[in-house]
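Protein chains: 2
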Amino acid sequence: MASKKPAGKKVPQTTVSRMSLYYRALKQMLGNGITATSSAALSKDVGFNDAQIRKDLAYFGQFGVPGRGYEVESLLEAIAGVLGINRRWKVALVGVGHLGYALLAYKGFGDQGFDICCAFDNDPDKIGKTWEGVPIHDIAEAVDVLREKQIELGIIAIPEAAAQNALDTLVVGGVKSVLTFAPGRLRVPPGVRVRRVDLAMELEWLSYHATSVT
Amino acid sequence: MASKKPAGKKVPQTTVSRMSLYYRALKQMLGNGITATSSAALSKDVGFNDAQIRKDLAYFGQFGVPGRGYEVESLLEAIAGVLGINRRWKVALVGVGHLGYALLAYKGFGDQGFDICCAFDNDPDKIGKTWEGVPIHDIAEAVDVLREKQIELGIIAIPEAAAQNALDTLVVGGVKSVLTFAPGRLRVPPGVRVRRVDLAMELEWLSYHATSVT
DNA sequence: TATTGTGAAGGAATTCACAGCC
DNA sequence: GGCTGTGAATTCCTTCACAATA
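As they're listed, the protein sequences go chains A and B.
The first sequence begins at 1 in the numbering used here and counts up one residue at a time.
The second sequence begins at 215 in the numbering used here and counts up one residue at a time.
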């Protein structure tokens, strides 16, 4: 449960995302029967500088052997421990519109240890139903359900106007980490972490680069 | 069509995403009848340092008046020009699974000037149908359709295994900017830009932070 | 020989601070 | 007085380069 940081330096924002990529690359190696690797080999797979990879890993411990490299399986476990995916997480979904339903139906989350175990909506036609094995509750009952089921992570997939309410509800229910797809800024209480995915922004990034033909 | 860069310095990676946020904040101001603003006021809305905002804008021109600030409407237009959203873009969607359907159904894209005007899949049950007003073609015919309709942007919403093929097909069809939801690394031809959104990675970011209780 | 872990160097992005303009 | 635009200072991140280790 405890993280493996040896009281080291501050971990850069960017390092965590790269750790996810190392994890994938290593898992694929393991699937291919490769048992040993090196920062140079990983570098080829993920596209970052090899020193970058060594430095990222070093924030969390010493996992390699000088002259030999890394043992794939043990490094995988180490990274899983760092990312907190060597366990299962209970996730609540707020909003079962098209996007919410896509998230419900996406099997990949379960494979990674994320169990969407309840959903909330305000549409009477959906409340009480069970979709993809997940019960849909009235958003008005969310706090009780969240507390009872001890939900730890939340996903917000509703329009911007209702997103702040959804976040506040999740927080009251004990959720401290939230992924949101709603655009717009949220007031985030202290101790709570919100990660935003903004699809329109990503498209705008594309149109910017397509416009200024570099 | 031409971008408004006055042959200035290199634009930081991060600036473009922030421009999208400025755009939203300004649009909201305009909706509220606010006609003038300042970097300090914008700073309150978007949460970045005011100097940051001025510097971001300065990469693309001089839009403000010292002592007075910015005129909301003209700044909006300027940013729209920079981002390339003062026009409409034709977008192709590859993969009409749950996520693809959610993207088809999302009205927000149209509002921002992005028209998903064709979709591709390999499921015979879907090919030939029209969903949300968008015709679904056989992925095998994609190159012809892309060229004929002069599609400029692509969205990939299919599993990892088929993503590379999808990208290659889009590129042959003339698409140079692609947003992908498939995890895993893609071989990207020169001159093509790929932006990746990785939902599992975002959840892992949450679990990391929920684990190492800062 | 091969490779890690890391201090030092280099580069990129952010913030400071202020001259100049309204 | 208020605010922009921008050089300078600072902070943050990446890459280099090498001593240490197997």
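No residue lacks a Cβ here, since even glycine has one placed at the ideal position from N, Cα and C.
Item to check | Simplified DSSP state of B:Phe-395, which is helix, strand or coil | outcome: coil
Next on the checklist: Counting only C-beta atoms, is A:Lys-27 closer than 8 Å to chain B at any point?
Outcome noted: no
Item to check | Proximal residues of chain B, C-beta to C-beta of A:Lys-9 below 7 Å | outcome: Chain B residues near A:Lys-9: none, gap ~14 Å exceeds 7 Å.
Next on the checklist: Am I right that A:Ile-156 and A:Leu-146 are in contact with their C-beta atoms under 8 Å? What's the rounded C-beta distance?
Outcome noted: No, A:Ile-156 and A:Leu-146 are not in contact; Cβ-Cβ is about 13 Å, not under 8 Å.
Checklist entry - Does the beta carbon of A:Gly-173 sit closer than 8 Å to a beta carbon anywhere in chain B? => result no
Next on the checklist: What would DSSP say about A:Tyr-70, mapped onto helix, strand or coil?
Outcome noted: strand
Item to check | For B:Leu-400, the first and last residue of its enclosing beta strand (DSSP E) | outcome: B:Leu-400 -> no beta strand (DSSP E), and no H or E assigned at all.
Checklist entry - In this structure, what does DSSP give as the bridge partners for A:Ala-119? => result A:Leu-93, A:Ile-136
Checklist entry - On the three-state DSSP scale, how would you describe A:Ile-79? => result helix
Item to check | At least 3 beta-carbon pairs within less than 8 Å: the segment 121-131 of chain A vs the segment 188-203 of chain A | outcome: no
Checklist entry - What does B:Ala-319 touch in chain A if you count any residue whose Cβ is under 7 Å from its own? => result His-98
Item to check | Short-range partners of chain B found in the segment 187-209 of chain A, where Cβ spacing is below 8 Å | outcome: Arg-193, Arg-195, Val-197, Asp-198, Leu-199, Ala-200, Met-201, Glu-202, Leu-203, Glu-204, Trp-205, Leu-206, Ser-207, Tyr-208, His-209
Item to check | Backbone secondary structure at B:Arg-268 - three-state DSSP | outcome: helix
Checklist entry - Using a beta-carbon distance cut-off of less than 8 Å, what residues from the segment 344-367 of chain B approach chain A? => result Glu-366, Leu-367
Next on the checklist: By the 9 Å beta-carbon criterion, what residues does the segment 49-75 of chain A contribute toward chain B?
Outcome noted: none
Next on the checklist: If you measure between the beta carbons of A:Ile-85 and B:Glu-416, is that distance less than 8 Å?
Outcome noted: no
Checklist entry - In three-state DSSP terms, what is A:Thr-37? => result strand
Next on the checklist: Using beta carbons (cut-off 8 Å, strictly below), is A:Arg-185 in contact with chain B?
Outcome noted: yes
Next on the checklist: Measuring straight from C-alpha to C-alpha, what distance separates B:Val-357 and B:Gly-387?
Outcome noted: 4 Å
Next on the checklist: Count Cβ pairs between the segment 243-261 of chain B and the segment 279-290 of chain B that sit closer than 8 Å; are there 3 or more?
Outcome noted: yes
Checklist entry - Can you find a CB in chain A that lies within less than 8 Å of the CB of B:Val-230? => result yes
Checklist entry - DSSP on B:Arg-302, reduced to helix/strand/coil? => result coil
Checklist entry - Alpha carbon to alpha carbon, what distance is there between B:Ile-350 and B:Thr-344? => result 6 Å
Checklist entry - Distance, Cα to Cα, B:Gly-278 vs B:Leu-289? => result 8 Å
Checklist entry - Can you name the start and end residues of the beta strand (DSSP E) that B:Val-386 belongs to? => result B:Val-386 -> not in any beta strand (DSSP E); alpha helix (DSSP H) instead, spanning 374-386.
Checklist entry - B:Gln-326 versus chain A: which residues are under 8 Å apart at the beta carbon? => result Ala-200, Leu-203, Glu-204
Item to check | Residues that A:Phe-114 bridges to, as DSSP identifies them | outcome: A:Trp-89
Next on the checklist: Less than 8 Å between the beta carbons of B:Leu-420 and A:Leu-179, yes or no?
Outcome noted: yes
Item to check | Status (buried if at least 16 other CB within 10 Å, exposed otherwise) for A:Gln-28 | outcome: exposed
Checklist entry - Which class does B:Gly-278 belong to by DSSP, given the choice of helix, strand or coil? => result strand
Item to check | Chain-order list of residues whose beta-carbon lies under 7 Å from that of A:Glu-160 (same chain, five-residue window excluded) | outcome: Ala-182, Pro-183, Gly-184
Item to check | Simplified DSSP state of B:Gly-322, which is helix, strand or coil | outcome: helix
Item to check | A:Thr-130 - partner residues in DSSP beta bridges | outcome: A:Pro-135
Item to check | Rounded C-alpha distance that separates A:Gly-95 from A:Phe-120 | outcome: 6 Å
Next on the checklist: Can you confirm whether A:Glu-176, when its beta carbon is compared against all beta carbons of chain B, has any partner nearer than 8 Å?
Outcome noted: Residue 176 of chain A is actually Lys in this sequence, not Glu. So yes, A:Lys-176 belongs to the interface.
Item to check | Coarse secondary structure for A:Gly-8, derived from DSSP in three states | outcome: coil
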